[in-house]
Amino acid sequence: MKESYKIQSHKVADYYNEWSEKYKQVYGKIIQAHRPPNDQVLMEYTILSAGLDNGQKILDAGCGNCEPAAYFARKFTVQIEALTISAKQVSESKRRIEETQLQDKIHVQQGDYHELDKIYPLDCFDKILFLESLGHAGEPSLVIESAYKVLRPGGEIYIKDFYPKITADESIARKIKQVVENLNHHYSYNTLDLNETIEALRKSNFEIVFIKQIDFKNDAAIKNDFEEKFGIDLFGEMEEFYFAEWLEIKCVKPA
Ligand SMILES: C[S@@+](CC[C@H](N)C(=O)[O-])C[C@H]1O[C@@H](n2cnc3c(N)ncnc32)[C@H](O)[C@@H]1O
Numbered sequence: 012m013k014e015s016y017k018i019q020s021h022k023v024a025d026y027y028n029e030w031s032e033k034y035k036q037v038y039g040k041i042i043q044a045h046r047p048p049n050d051q052v053l054m055e056y057t058i059l060s061a062g063l064d065n066g067q068k069i070l071d072a073g074c075g076n077c078e079p080a081a082y083f084a085r086k087f088t089v090q091i092e093a094l095t096i097s098a099k100q101v102s103e104s105k106r107r108i109e110e111t112q113l114q115d116k117i118h119v120q121q122g123d124y125h126e127l128d129k130i131y132p133l134d135c136f137d138k139i140l141f142l143e144s145l146g147h148a149g150e151p152s153l154v155i156e157s158a159y160k161v162l163r164p165g166g167e168i169y170i171k172d173f174y175p176k177i178t179a180d181e182s183i184a185r186k187i188k189q190v191v192e193n194l195n196h197h198y199s200y201n202t203l204d205l206n207e208t209i210e211a212l213r214k215s216n217f218e219i220v221f222i223k224q225i226d227f228k229n230d231a232a233i234k235n236d237f238e239e240k241f242g243i244d245l246f247g248e249m250e251e252f253y254f255a256e257w258l259e260i261k262c263v264k265p266a
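Numbering (the working numbering), first residue to last: 12 to 266.
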């Protein structure tokens with residue numbers, strides 16, 4: 012049985028348990044690096060892109076402190092299952108859900124998104140969201156396979172994440188590799204490869220709805236503050252450069 016993802020999942024759980032307060036101090040409620048200046052604009056953008064609507068059963072896979080889930084649940088008549096690998100985030104989320112009186116609409120639990128088909132019934136979700144969360148996966152193809160199983164036919168998966176650029180220039184390729192290694196180390200990430208992600212989606216039988224650049228102007232202020240405050244240096248001696256593309260991918264499980 013393939014279970015090598017468990018080492019990475021444990022690392023990620025420890026990371027968020029330890030860094031939760033630090034994220035709260037700088038990021039506030041939503042832990043997403045690629046964002047417009049205003050949280051509301053980010054949430055409305057996600058709603059439109061992912062196609063969230065009344066009546067849906069939604070899985071937020073990698074839910075953070077449940078602020079995105081709380082936003083969606085305030086706006087729509089939806090049932091949301093929220094999953095995080097971090098016990099600390101589960102307690103933060105429960106507090107948030109009680110505070111906003113959304114207990115009837117959001118259920119949060121600790122669990123590993125590599126095992127969605129063991130946690131939830133098959134064929135049950137209308138939407139599965141990975142909002143800057145899939146890039147932590149030890150085995151993203153396994154996560155995608157398990158997401159496929161728990162989506163209902165006609166249901167959709169929405170992935171927001173970044174993918175390193177590809178270049179024929181060997182010296183730039185080396186620099187990109189170095190920055191990605193630094194990033195993986197500092198953020199407990201396992202940065203996705205675009206080709207591998209698309210291959211995994213198609214192998215699982217997903218059909219691609221779109222793959223596109225995210226259509227808002229990024230405001231890097233929060234990410235920069237966070238990295239400065241906690242001594243995270245991705246570029247070292249290198250001059251900063253644009254090493255990855257932020258993309259949104261939506262796929263459907265054929266009806
Ligand atoms: C960058 S945070 C994004 C949080 C949230 N989507 C938001 O917008 O605030 C990444 C999230 O992915 C979750 N995550 C990472 N690996 C996971 C795994 N193996 N299973 C479940 N959740 C995971 C983390 O616990 C964390 O909540």
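Beta carbons: idealized from backbone N, C-alpha and C, even for Gly. Computed from a predicted structure; not experimentally measured.
Residue range 255-263 is occupied by the beta strand (DSSP E) that includes Glu259. Sixteen is the threshold: when 16 or more other Cβ atoms of the shown chains lie within 10 Å of the Cβ of Ser215, as they do, the residue is buried. Within the chosen limit of 7 Å, ligand 1 reaches the beta carbon of Tyr124 through at least one heavy atom.
Here Cys74 is actually not in contact with Ile168; their C-beta atoms are around 15 Å apart, not less than 8 Å.
Around the beta carbon of Met54, 16 or more other beta carbons sit within 10 angstroms, so the residue counts as buried. For Glu218, the three-state secondary structure derived from DSSP is strand. For Arg107, the uninterrupted alpha helix (DSSP H) segment begins and ends at 98-110. If you ignore the 5 residues before and after Phe241, its C-beta comes within less than 7 Å of the C-beta of Lys33, all in its own chain and listed in chain order. Taken through DSSP and simplified to helix, strand or coil, Gly165 comes out as strand. If you draw a straight line from the Cα of Phe237 to the Cα of Met249, it is about 19 Å long. Just measuring C-alpha positions, the residue of Tyr253, Ile219, Ile222 sitting nearest Ala231 is Tyr253. Relative to ligand 1, Gly73 has its C-beta within less than 7 Å of a heavy atom.
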